[in-house]
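*Asks:* Take the position in the sequence shown, starting the count at 1, then add 16; the result is the number in this note's numbering.
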Amino acid sequence: MSEPQKKRLPSWLKQKVPKGNGNHFTAGVIEELGLATVCDHARCPNRMECYAAKTATFMILGETCTRGCAFCSVAKGKPKAPDADEPRRVAQAVQRLGLRHVVITSVTRDDLPDGGCGHFCRTIAAIRSLNAVDGPITIEVLPSDFGGNAQSVSRLANAAPTVYNHNVETVPRLYRSVRGPKSNYAWTLEMFRQIRGHDPSIRTKTGMMLGLGETIDEVLGTLAELHEAGCRMLTLGQYLQPSPKQVPVTRYVPPKEFDELGDAARRIGFDEVASGPFVRSSYHARGMLAGEGRLECRKSKSE
């Protein structure tokens, strides 16, 4: 792996602060209902833009993760018991924000027998129950790997989310150093095979961060294996070090290279691809589901 860069952020990684009160409104709803978002806890660079658009990615099952991934700024340690009322409050937030597409992620909960799968299912049910009067809502889940528990993957797939998203994050060579000793690349692939086999109508999605020391050939090889395993939607974005405690950036990938990788992913066979420096796994998720991935790619290029 090459030495990490220590220069300032390149011009394409600078953003404008969005105008309007949407940012404060979204933050107020989340605070009032006592909810957490990965936007805040993972220090996402798109937080203000998404909040201003009155959308957010809800992070359930607490605010403390049982794993210590080297890239992530979410707190690590011993988490509290799941909040039984949290699914209802997430559903309320969806209603108050007027969301038609909801993304739900979580901390990893290796301390729970089902890895938190049941809590995901209850949250899906609560959203559908409270918001049914306004018509169907598409739901995207972004869970952990459930510690290799195949029953949990099947149970969550049985809850019929519109999109089942699980981030591969990086290439196999860097899996342990980036994702930690409990990560398992082979199981990541098997999860997608299992989901596709359980219900082919569920859209399968993954995301990868670039700039951690991977090579282009490694990225392309990983994408080919993910597609072969049944994954059909893809996000590629620039890894940005959340704080000095996380693994440093090795390289800032130029927008042109993101465009080229996005085109290569489409040639591999991915149905929808969003590729650009600011693209994240849940960024513009509703638009990507509707087939607007290329628009996101161009948007990232112009920033």
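Even glycine gets a Cβ: it sits at the ideal position worked out from N, Cα and C.
If we count Cβ pairs, one from each stretch, closer than 8 Å, do we get three or more for the stretch 66-78 versus the stretch 179-198?
*Replies:* Output reads no: the stretch 179-198 does not touch the stretch 66-78.
*Asks:* Can you name, in chain order, every residue of its own chain whose Cβ lies under 8 Å from the Cβ of Ile-153, other than the five neighbours on each side?
*Replies:* Residue numbering aside, residue 153 sits at position 137 when the sequence shown is read from its first letter. So the qualifying residues of the chain are Val-110, Leu-115, Arg-116, His-117, Val-118, Ile-143, Arg-144 and Asn-147.
*Asks:* Whole angstroms is fine: what's the gap from Gly-164's alpha carbon to Ile-218's?
*Replies:* Indexing the sequence shown from 1 puts residue 164 at position 148. Indexing the sequence shown from 1 puts residue 218 at position 202. Distance between the alpha carbons of Gly-164 and Ile-218: 20 Å.
*Asks:* Below 8 Å on the Cβ atoms is my guess for Thr-42 versus Leu-113; work out the distance and round it to an integer in Å.
*Replies:* Counting from 1 along the sequence shown, the entry for residue 42 is found at position 26. Counting from 1 along the sequence shown, the entry for residue 113 is found at position 97. At roughly 7 Å, the Cβ-Cβ gap stays under 8 Å, so Thr-42 and Leu-113 are in contact.
*Asks:* With DSSP run on the structure shown, which of helix, strand or coil describes Ser-193?
*Replies:* Taking the first residue of the sequence shown as 1, we reach residue 193 at position 177. In this structure, Ser-193 counts as helix in the three-state DSSP scheme.
*Asks:* Determine the DSSP secondary structure at Ala-166, reduced to helix, strand or coil.
*Replies:* Counting from one through the sequence shown, the residue named residue 166 turns up at place 150. Correct three-state label for Ala-166: helix.
*Asks:* 8 Å is my cut-off, CB to CB: does Lys-96 come that close to chain C?
*Replies:* Reference to chain C is not applicable here, since this structure consists of a single protein chain.
*Asks:* With the cut-off set at 8 Å, would you say Thr-178 and Leu-305 are in Cβ contact?
*Replies:* Locating residue 178 in the sequence shown gives position 162, where the first residue counts as 1. Locating residue 305 in the sequence shown gives position 289, where the first residue counts as 1. Yes, Cβ-Cβ distance for Thr-178 and Leu-305 is below 8 Å.
*Asks:* List, from N- to C-terminal side, the beta strand (DSSP E) runs of 3 residues or more that fit wholly inside the stretch 72-151.
*Replies:* Entirely contained in the stretch 72-151, the beta strand (DSSP E) runs reaching 3 residues are, in chain order, 73-76 and 117-122.
*Asks:* For Val-289, tell me which candidate among Gln-108, Thr-222 and Glu-234 has the shortest Cα-Cα distance.
*Replies:* Along the sequence shown, read from residue 1 onward, the residue named residue 289 stands at position 273. Here the closest residue by C-alpha is Thr-222.
*Asks:* In the DSSP assignment, the beta strand (DSSP E) including Lys-221 goes from what residue to what residue?
*Replies:* One-based indexing of the sequence shown puts residue 221 at position 205. Run containing Lys-221: 219-226, per the beta strand (DSSP E) assignment.
*Asks:* Asn-181 by DSSP, collapsed to three states: which one?
*Replies:* Position 165 of the sequence shown holds residue 181. Looking at Asn-181 - three-state DSSP - the assignment turns out to be strand.
*Asks:* Would you call the CB atoms of Tyr-255 and Phe-87 closer than 8 Å?
*Replies:* As a first step, residue 255 is located in the sequence shown; it is residue number 239 there, counting from the start. As a first step, residue 87 is located in the sequence shown; it is residue number 71 there, counting from the start. Yes, the Cβ-Cβ distance between Tyr-255 and Phe-87 is below 8 Å.
*Asks:* Beta-carbon within less than 8 Å of Ser-170's beta-carbon, same chain only, minus the 5 sequence neighbours each way: which residues are those?
*Replies:* Taking the first residue of the sequence shown as 1, we reach residue 170 at position 154. Excluding positions up to five away in sequence, the list reads Gln-210 and His-214.
*Asks:* Is it right to say Ser-318 is buried, meaning 16 or more other beta carbons lie within 10 angstroms of its own, or is it exposed?
*Replies:* For the purposes of this step, residue 318 is taken as residue 302 along the sequence shown, with counting starting at 1. Because the pLDDT at Ser-318 is just 36, under 50, the model does not fix this residue reliably, and the point stays unresolved.
*Asks:* I need the boundaries of the beta strand (DSSP E) containing Gln-262, first residue and last residue.
*Replies:* Walking along the sequence shown from the start, residue 262 turns up at place 246. Premise fails: Gln-262 is in no beta strand (DSSP E) and is neither H nor E.
*Asks:* With distance defined between alpha-carbon atoms, name the residue in Pro-270, Phe-208, Val-269 and Lys-261 nearest to Leu-250.
*Replies:* Numbered from its first residue, the sequence shown carries residue 250 at position 234. Selected option, being the one with the closest Cα: Phe-208.
*Asks:* Assuming the contact rule is C-beta atoms closer than 8 Å, Gly-246 and Thr-220 should be a hit. Round their C-beta distance to whole Å, please.
*Replies:* Position 230 of the sequence shown holds residue 246. Position 204 of the sequence shown holds residue 220. Their Cβ separation, rounded to whole angstroms, is 6 Å, which keeps Gly-246 and Thr-220 in contact under 8 Å.
*Asks:* Nearest-angstrom Cα distance between Ala-175 and Ser-168?
*Replies:* Here the question's residue 175 lines up with position 159 in the sequence shown. Here the question's residue 168 lines up with position 152 in the sequence shown. Cα to Cα, the separation comes out at about 11 Å.
*Asks:* Give the straight-line distance between the Cα atoms of Gly-253 and Ala-240, rounded to the nearest whole angstrom.
*Replies:* One-based indexing of the sequence shown puts residue 253 at position 237. One-based indexing of the sequence shown puts residue 240 at position 224. Between Gly-253 and Ala-240, the C-alpha separation is close to 18 Å.
*Asks:* Please find out if some non-hydrogen atom of the ligand HEM comes closer than 7 Å to the beta-carbon of Ser-170.
*Replies:* The ligand content of the structure shown is nil, which means the ligand HEM is not present either.
*Asks:* Which of helix, strand or coil does DSSP assign to Ile-155?
*Replies:* Working through the sequence shown from its first residue, we reach residue 155 at position 139. It is a strand residue.
*Asks:* Measure from the alpha carbon of Leu-51 to the alpha carbon of each residue in Ile-232, Arg-104 and Tyr-299, then state which is nearest.
*Replies:* As a position in the sequence shown, residue 51 is number 35, starting the count at 1. It is Arg-104.
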